[in-house]
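Colleague: My questions will all concern the structure given below.
There are 2 protein chains.
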Amino acid sequence: MYIHQLKHNIPNSSFYLMKEKLKEHIEKLIPLTDDEFLFVLSHFSFEKYKKNDFLIQQGESVKHCYFVVSGLLKLVYDDKDGKQHIVSFAMEDWWESDFSAYFTQTKAKMSLQCIENTSVFSLSLKNYEKLSTELPKIERFFLKKSNAGHIASQNRIISFLTSNAKERYEQLLKQYPLLFQRVPKTLIASYLGVSRETLSRLSF
Amino acid sequence: MYIHQLKHNIPNSSFYLMKEKLKEHIEKLIPLTDDEFLFVLSHFSFEKYKKNDFLIQQGESVKHCYFVVSGLLKLVYDDKDGKQHIVSFAMEDWWESDFSAYFTQTKAKMSLQCIENTSVFSLSLKNYEKLSTELPKIERFFLKKSNAGHIASQNRIISFLTSNAKERYEQLLKQYPLLFQRVPKTLIASYLGVSRETLSRLSF
DNA sequence: TTATAATCGTGATGTATGTCACACGACAAT
DNA sequence: ATTGTCGTGTGACATACATCACGATTATAA
Chain A
1 MYIHQLKHNI PNSSFYLMKE KLKEHIEKLI PLTDDEFLFV LSHFSFEKYK
51 KNDFLIQQGE SVKHCYFVVS GLLKLVYDDK DGKQHIVSFA MEDWWESDFS
101 AYFTQTKAKM SLQCIENTSV FSLSLKNYEK LSTELPKIER FFLKKSNAGH
151 IASQNRIISF LTSNAKERYE QLLKQYPLLF QRVPKTLIAS YLGVSRETLS
201 RLSF
Chain B
1 MYIHQLKHNI PNSSFYLMKE KLKEHIEKLI PLTDDEFLFV LSHFSFEKYK
51 KNDFLIQQGE SVKHCYFVVS GLLKLVYDDK DGKQHIVSFA MEDWWESDFS
101 AYFTQTKAKM SLQCIENTSV FSLSLKNYEK LSTELPKIER FFLKKSNAGH
151 IASQNRIISF LTSNAKERYE QLLKQYPLLF QRVPKTLIAS YLGVSRETLS
201 RLSF
């Protein structure tokens with residue numbers, strides 16, 4: 001009985017921590033009063049997914065963008081030959097979606113799938129717009145996030161332009177040392193744009 | 001004498017057209033009253049550059065971002081071996097800068113240089129912030145632009161992940177058919193991430 | 001004009017990386 | 001225990017691409 005209660009309490013207390021995570025994340029860029037944050041939070045829904053679950057499926061419509069509270073996801077593009085290409089890993093504290101499909105309300109060009117069990121706050125486009133309109137502050141937050149995303153993508157392009165497979169691997173290793181204990185090398189290879197065999201042969 | 005007057009009038013009438021270009025560009029995304037637009041415009045300065053001029057030099061601080069009214073620029077990353085890599089072409093109607101350096105007030109990692117004679121509206125960070133604060137509408141405009149830029153960069157990454165040199169060339173050709181009459185193939189090659197010799201050998 | 005850059009193509013050759021095949025251990029499901 | 005799937009390494013070979021070298025043409029500047 002006591003154990004039962006505990007079991008029931010865990011999700012609640014963990015939800016409290018989740019909220020704090022989102023709040024702290026936003027407040028790194030813009031200050032919010034408690035009321036403002038509760039207003040913000042009311043536009044999100046908290047969701048849990050298991051390893052291999054899809055949050056977005058290529059070809060389907062994209063209703064939400066996601067803030068990753070815990071876990072790990074991959075944003076994947078499947079080409080015509082059925083090969084998988086990892087456009088991005090989405091880790092804790094990241095915002096992810098197929099933003100093109102999300103904002104223009106078109107079909108997803110990419111999938112978003114769990115590499116680990118993952119919990120997220122999800123935000124519908126309608127709520128995104130409502131939030132932006134009613135709390136202009138948050139629009140500044142999204143703008144900063146978008147800029148950061150743009151810059152990150154540009155750096156990845158520069159990496160492709162200037163570096164070979166080994167150098168790109170080293171850059172990734174330096175940028176996200178934690179990643180390598182969490183994901184199989186096949187996925188790392190797919191992110192780097194090389195075959196898993198080539199990656200395996202790179203000597204360090 | 002009459003010719004003299006004409007000469008003096010050209011810049012003025014052309015400046016009028018420039019303003020219209022900016023106005024129409026913004027109004028594709030958000031409506032503006034005439035007064036609002038004049039307020040917006042007052043934060044910009046209009047500048048003309050000649051072929052090969054630098055708007056941003058790698059290693060220097062970045063004071064402005066630019067809206068390209070006419071002409072053509074390249075955003076270039078020079079690697080340690082002195083090789084040039086084109087991160088982006090900036091054509092008419094594009095916003096460009098080393099945004100990372102611009103927003104974080106650090107030294108430029110890239111250069112922005114004219115491929116053709118170019119005229120721009122330039123916006124200082126201070127004015128960017130003033131404008132965003134005093135006219136929240138414009139913040140939504142910048143957000144939409146930033147999202148679009150992010151998505152464009154992500155598509156370029158997908159192109160690197162999924163396609164070989166020839167396919168990337170064809171994609172670029174399809175996306176910007178006009179570009180190929182305006183810039184030497186060496187620059188196209190540099191944008192695609194292949195040597196100019198390889199590009200030259202691709203058969204079409 | 002003449003001289004000096006750019007630009008572009010193309011051969012010869014080297015190298016990075018892809019592809020196919022196979023083996024082996026870790027782990028999961030039954 | 002048994003079977004299967006997944007992750008990983010590695011050999012053999014094919015291929016895409018880089019690099020170096022040379023000419024030829026076309027702009028550009030003195």
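Protein chains in written order, with the numbering used here: chain A, 1 to 204; chain B, 1 to 204. By construction, the Cβ of each residue, glycine as well, lies at the ideal position given by its N, Cα and C atoms.
#1: Following the continuous alpha helix (DSSP H) through D53/A, name the residue where it begins and the one where it ends.
#2: Taking the C-alpha atoms as reference points, what is the distance between E170/A and T133/A?
#3: To be precise: take each residue of the stretch 53 to 86 of chain A, compare its Cβ to all Cβ atoms of chain B, and keep it if any distance is under 7 Å. Which residues remain?
#4: With a floor of 3 residues, list each beta strand (DSSP E) that falls wholly inside the stretch 106 to 165 of chain B, ordered by position along the chain.
#5: Of the residues L17/B, Q181/B, S153/B, which one's Cα is nearest the Cα of S88/A?
#6: At a CB distance below 7 Å, what residues from the stretch 146 to 167 of chain A approach chain B? Give them in sequence order.
#7: Going by DSSP in three states, D98/A sits in which element: helix, strand or coil?
#8: For H85/B, which three-state DSSP category applies?
#9: Is Q5/A helix, strand or coil when you go by DSSP?
#10: Does any residue of chain B have a CB that is nearer than 9 Å to the CB of S203/A?
#11: Should the stretch 96 to 104 of chain B be regarded as contacting the stretch 56 to 66 of chain B, the criterion being three or more beta carbon pairs within less than 8 Å?
#12: Enumerate in chain order the residues of its own chain whose CB-to-CB distance from N117/A is below 6 Å, with the five nearest sequence positions on each side excluded.
#13: Could you please tell me which residues of the stretch 27 to 48 of chain B, in chain order, have their CB closer than 9 Å to any CB of chain A?
#14: Report yes or no: do three or more beta-carbon pairs, one from the stretch 73 to 91 of chain B and one from the stretch 176 to 190 of chain B, lie closer than 8 Å?
#15: Are any of the Cβ atoms in chain A nearer than 9 Å to that of S190/B?
#16: What is the DSSP secondary structure of R201/B, reduced to helix, strand or coil?
#17: Out of D93/B, E60/B, L38/B, state which residue places its alpha-carbon closest to the alpha-carbon of M110/B.
#18: With a cut-off of 9 Å, does the C-beta of L172/A fall near any C-beta of chain B?
#19: May I ask you to list, following chain order, the residues of the stretch 93 to 104 of chain B that have a beta carbon less than 7 Å from some beta carbon of chain A?
#20: Within 9 Å (strictly less), CB to CB, does S195/B reach chain A?
#21: In chain B, which residues lie with their C-beta within 7 Å of the C-beta of F142/A?
#22: Spatial neighbours of Q140/B within its chain, please: C-beta separation below 7 Å, excluding the five flanking residues on both sides.
#23: Got a sec, what are the start and stop residues for the alpha helix (DSSP H) Y191/A sits in?
#24: Using only the alpha-carbon positions, how far apart do D223/B and S159/A sit?
#25: So which of I151/A, C65/A, F142/A has the shortest CA-CA distance to L112/A?
#26: Would you call L178/A buried or exposed, if buried means 16 or more other Cβ atoms sit within 10 Å of its Cβ?
#27: Checking the sheet assignment: what are the DSSP bridge partners for M91/A?
#28: Can you tell me where the alpha helix (DSSP H) with L38/B in it begins and where it stops?
#29: Sort A108/B, S195/B, N155/B by Cα distance to K166/B and report the nearest one.
#30: According to DSSP, is K28/B part of a helix, a strand, or is it coil?
#31: Using a threshold of 9 Å, state whether the C-beta atoms of F44/A and F103/A are closer than that.
#32: To the nearest angstrom, report how far apart L205/A and Y16/A are at their CA atoms.
#33: By the three-class DSSP mapping on this structure, what secondary structure does P11/A have?
#34: Using the beta-carbon of each residue, which ones in chain A are nearer than 8 Å to E139/B?
#35: Closest Cβ-Cβ distance between Q175/B and chain A: below 9 Å?
Modeller: According to the data block:
#1: Position 53 of the first sequence, counted from the start, is the residue given in the question as residue 53/A. From DSSP, D53/A is part of no alpha helix (DSSP H); its letter is neither H nor E.
#2: Here residue 170/A is taken as the residue at index 170 of the first sequence, counted from 1. Here residue 133/A is taken as the residue at index 133 of the first sequence, counted from 1. Between E170/A and T133/A, the C-alpha separation is close to 42 Å.
#3: The residues in question are Y77, D79, H85.
#4: You should have 111 to 114, 118 to 124.
#5: Translated into positions along the first sequence, residue 88/A becomes position 88. The option with the nearest alpha carbon to S88/A is S153/B.
#6: From the stretch 146 to 167 of chain A, only S146, N147, G149, H150, I151, S153, Q154, R156, I157, I158, F160, L161, T162 have a Cβ closer than 7 Å to chain B.
#7: As a position in the first sequence, residue 98/A is number 98, starting the count at 1. In this structure, D98/A counts as coil in the three-state DSSP scheme.
#8: The residue given as residue 85/B occupies position 85 in the second sequence. If DSSP states are grouped into helix, strand and coil, H85/B belongs with the strands.
#9: Here residue 5/A is taken as the residue at index 5 of the first sequence, counted from 1. Note that Q5/A scores a pLDDT of 35, beneath 50, so its modelled location is shaky; the value from the coordinates is reported in the next line. DSSP, read as helix, strand or coil, puts Q5/A in helix.
#10: Within the first sequence, numbered from 1, the residue matching residue 203/A stands at position 203. With respect to chain B, the C-beta atom of S203/A has no partner C-beta closer than 9 Å.
#11: Between the stretch 96 to 104 of chain B and the stretch 56 to 66 of chain B there are three or more C-beta pairs closer than 8 Å, enough to call the two in contact.
#12: As a first step, residue 117/A must be located in the first sequence, where it is residue number 117. Closer than 6 Å at Cβ, skipping near neighbours: K50, K51, G71.
#13: Under the 9 Å Cβ criterion, the stretch 27 to 48 of chain B contributes no residue.
#14: Cβ pair count under 8 Å is three or more, so yes.
#15: Here residue 190/B corresponds to residue number 190 of the second sequence, with the count starting at 1. Taking a beta-carbon distance threshold of 9 Å, S190/B counts as an interface residue toward chain A.
#16: By one-based count along the second sequence, residue 201/B stands at place 201. In this structure, DSSP gives R201/B a helical state, which the three-state scheme calls helix.
#17: Looking up residue 110/B in the second sequence gives position 110. Nearest of D93/B, E60/B, L38/B to M110/B, Cα basis: E60/B.
#18: Counted from its first residue, the first sequence places residue 172/A at position 172. The Cβ of L172/A sits no closer than 9 Å to any Cβ of chain B.
#19: Taking 7 Å as the Cβ-Cβ cut-off against chain A, the residues of the stretch 93 to 104 of chain B that qualify are F99, S100, F103.
#20: Numbered from 1 along the second sequence, position 195 holds the residue referred to as residue 195/B. It does not: the Cβ of S195/B has no partner Cβ on chain A nearer than 9 Å.
#21: The residue you call residue 142/A lines up with position 142 of the first sequence. Per Cβ cutoff of 7 Å: L143.
#22: To locate residue 140/B, count along the second sequence from 1; it is residue 140. The amino acid at residue 140/B is misidentified as Gln; the sequence shows Arg. Counting only Cβ-Cβ distances below 7 Å, and skipping sequence neighbours, we find I30.
#23: Start at 1 with the first residue of the first sequence, and residue 191/A comes out as number 191. Start and end: 185 to 192.
#24: Only positions 1 to 204 of chain B appear in this structure, which leaves residue 223/B out of reach.
#25: Mapped onto the first sequence, residue 112/A falls at position 112. Cα-wise, what sits closest to L112/A is C65/A.
#26: Here residue 178/A is taken as the residue at index 178 of the first sequence, counted from 1. Result: exposed.
#27: Start at 1 with the first residue of the first sequence, and residue 91/A comes out as number 91. In the DSSP output, where bridge partners are listed per residue, M91/A has L72/A.
#28: On the second sequence, residue 38/B is found 38 positions in, with the first residue counted as 1. Run containing L38/B: 34 to 41, per the alpha helix (DSSP H) assignment.
#29: Residue mapping note: residue 166/B aligns to position 166 of the second sequence, counting from 1. If we check each option's Cα against that of K166/B, S195/B comes out closest.
#30: The sequence position of residue 28/B within the second sequence is 28, counting from 1. For K28/B, the secondary structure class from DSSP, reduced to helix, strand or coil, is coil.
#31: Counted from its first residue, the first sequence places residue 44/A at position 44. Counted from its first residue, the first sequence places residue 103/A at position 103. Not closer than 9 Å, so no.
#32: Any property of residue 205/A remains undetermined from this structure, which presents chain A solely from 1 to 204.
#33: Start at 1 with the first residue of the first sequence, and residue 11/A comes out as number 11. Annotation note: pLDDT 49 at P11/A (below 50); position unreliable, coordinate value reported separately. It is helical.
#34: Walking along the second sequence from the start, residue 139/B turns up at place 139. Neighbours of E139/B on chain A, chain order: P136, E139, R140, L143.
#35: Locating residue 175/B in the second sequence gives position 175, where the first residue counts as 1. Chain A contact via Cβ: absent.
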